[in-house]
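Let me begin by presenting the structure, written as structure tokens, before commenting on it.
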Amino acid sequence: MALSAAKKHLFYFELSKLLAAGFDIRKAAASMLASGVPDAERALLDRMEKGLAEGRTITDALTDGTTAISELERGIIAAGERSGRMAPAFRHLADYFGMVSSATRTITRSMIYPLIVLHMGILVGTAAGPLQRGEAFSKILPSLILTLLVFYAGTFVLYLAGKTLLKAAETNPSLDGLVNRLPWVGKARRNLAMARFTKVYHTCLLAGLGMQETASTAAAASHSGLIREAGLKVAEAATQGGPLGPEFIASSSFPNAFSRSYATAEESGTLDQDLDRWAGLFQSDAEQAVTALGVAVPKVLYACIVIFVGWKIVSFYGGYLHELDNIGNDD
1 MALSAAKKHL FYFELSKLLA AGFDIRKAAA SMLASGVPDA ERALLDRMEK
51 GLAEGRTITD ALTDGTTAIS ELERGIIAAG ERSGRMAPAF RHLADYFGMV
101 SSATRTITRS MIYPLIVLHM GILVGTAAGP LQRGEAFSKI LPSLILTLLV
151 FYAGTFVLYL AGKTLLKAAE TNPSLDGLVN RLPWVGKARR NLAMARFTKV
201 YHTCLLAGLG MQETASTAAA ASHSGLIREA GLKVAEAATQ GGPLGPEFIA
251 SSSFPNAFSR SYATAEESGT LDQDLDRWAG LFQSDAEQAV TALGVAVPKV
301 LYACIVIFVG WKIVSFYGGY LHELDNIGND D
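As numbered in UniProt numbering, residues 1 to 331 make up the sequence shown, in order.
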């Protein structure tokens with residue numbers, strides 16, 4: 001069963017809180033189960049408890065055999081387990097999903113009123129003309145319902161197409177670059193991808209993972225085709241044993257400021273602090289970009305409403321004037 005971002009935020013926050021207080025993972029899970037967590041979280045905890053009893057790692061016990069855990073989560077949990085820093089790893093995830101949950105709420109709230117106005121616009125645009133011509137509402141109703149059905153079908157098709165495109169862009173650099181050029185959406189998506197990349201990279205560094213594994217794990221967790229491709233090149237360069245800063249600078253997939261900062265931090269030995277700072281910055285930028293998206297989408301909907309209603313008004317008066325012209329010609 002899939003968990004929403006809000007539920008994942010609470011799930012990881014509780015685990016982080018209990019582990020930071022000195023609970024081991026089994027006692028933390030038992031405490032959460034005793035508190036009466038929802039069924040989806042209970043299923044994850046039960047699966048983890050069963051896996052641990054079989055001698056499996058925390059990562060495998062929690063993430064194997066379920067689609068509820070993403071590549072990002074697995075990467076951070078695995079790195080946290082290997083470093084013995086599970087509480088900070090879960091806190092990273094709690095912060096990330098808290099941001100995603102907040103962004104989702106912002107966009108959802110911003111869409112409610114425009115959608116109401118859009119439905120009113122469809123009603124006015126479809127029914128106003130026939131009503132002025134004296135037609136009964138019962139005759140107009142089928143046309144109104146058909147218009148709404150076409151609108152819902154079109155919206156659903158656009159939703160599926162957008163979802164498919166975004167999913168494909170996670171592994172396809174060309175599509176990823178195309179999506180990143182979209183106004184508002186691209187900026188939010190780029191910052192979210194970099195937030196995921198830097199969070200996993202930072203956690204892997206703290207875990208003492210090799211640079212090749214660190215770069216490849218972070219790239220896979222970014223959910224960005226461009227960053228995945230560039231990260232794999234960085235990981236390949238790591239096998240040569242040289243500094244990775246020049247590889248980041250040479251890639252256009254990473255922001256220039258981040259790449260330069262990585263290079264200087266690598267030279268000064270402050271890479272862990274620098275990545276922690278960048279993870280926070282990218283998360284903050286992503287929140288601002290999502291807020292801007294939440295403001296822009298209603299404006300686009302309002303523009304669509306104005307165009308639709310205007311088109312209906314022009315069509316009505318065009319037909320009305322045509323009828324008057326015909327009457328004049330008949331006379």
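Glycine included, each C-beta is placed from N, C-alpha and C at the ideal position. Being a predicted model, the structure only gives us computed values, none of them experimental.
- Counting only residues of its own chain and dropping the five nearest sequence neighbours on each side, arginine 91 has a CB closer than 6 Å to the CB of Ser16.
- An exposed status is given to valine 300, since fewer than 16 other beta-carbon atoms sit within 10 Å of its beta-carbon.
- Contact between the region 195-203 and the region 171-182 is absent, with fewer than three C-beta pairs closer than 8 Å.
- Threonine 106 places its beta carbon less than 8 Å from that of valine 290.
- Under the three-state reduction of DSSP, leucine 244 is assigned to coil, being neither helix nor strand.
- For glycine 125, the closest alpha carbon among the candidates Lys50, Pro114, Ile140 is that of Ile140.
- Spanning the alpha carbons of leucine 158 and isoleucine 112 requires a straight line of approximately 18 Å.
- Fully enclosed alpha helix (DSSP H) runs of no fewer than 4 residues occupy 25-34, 39-53, 58-63, 71-83 of the UniProt domain "Type II secretion system protein GspF" (12-127), in order along the chain.
- For the pair serine 83 and glycine 208, the CB atoms are nearer than the 8 Å cut-off.
- Around the beta-carbon of leucine 160, fewer than 16 other beta-carbon atoms lie within 10 Å, marking it exposed.
- Three or more beta-carbon pairs separated by less than 8 Å are not found between the region 255-272 and the region 68-81, which leaves the two stretches without contact.
- Rounded to the nearest angstrom, the Cβ distance from alanine 221 to alanine 235 is 13 Å, too far for a contact under 8 Å.
- For aspartate 285, the closest alpha carbon among the candidates Leu192, Leu149, Lys50 is that of Leu192.
- Fully enclosed alpha helix (DSSP H) runs of no fewer than 4 residues are not present anywhere in the region 276-310.
- Distance from the Cα of valine 117 is smallest, within the candidate group Pro298, Gly310, Trp311, for Pro298.
- Of the residues Ala279, Ser35, Thr264, Ser102, the one whose Cα lies closest to the Cα of glycine 294 is Ser102.
- Judged by DSSP in its simplified three-state form, glutamate 135 adopts coil rather than helix or strand.
- Counting along the chain, the unbroken alpha helix (DSSP H) around asparagine 256 starts and ends at 256-268.
- Boundaries of the alpha helix (DSSP H) around asparagine 191: 185-206.
- Taking C-beta atoms as the reference points, arginine 228 and alanine 219 count as a pair closer than 8 Å.
- Rounded to whole angstroms, leucine 131 and proline 114 show a C-alpha spacing of 25 Å.
- Straight through space, the alpha carbons of aspartate 64 and leucine 205 are spaced by roughly 23 Å.
- Per DSSP, leucine 226 is one residue of the alpha helix (DSSP H) stretching across 225-238.
- Secondary structure note for leucine 182: it is in no alpha helix (DSSP H), with a DSSP letter that is neither H nor E.
- Aspartate 95 and alanine 2 have their alpha carbons spaced roughly 19 Å apart.
- Note on geometry: alpha-carbon atoms of glycine 280 and alanine 195 lie some 7 Å from one another.
- For alanine 292, the closest of Arg56, Gln273, Ser110 by C-alpha to C-alpha distance is Ser110.
- The residue among Asn172, Glu213, Trp184 with its C-alpha nearest the C-alpha of histidine 223 is Asn172.
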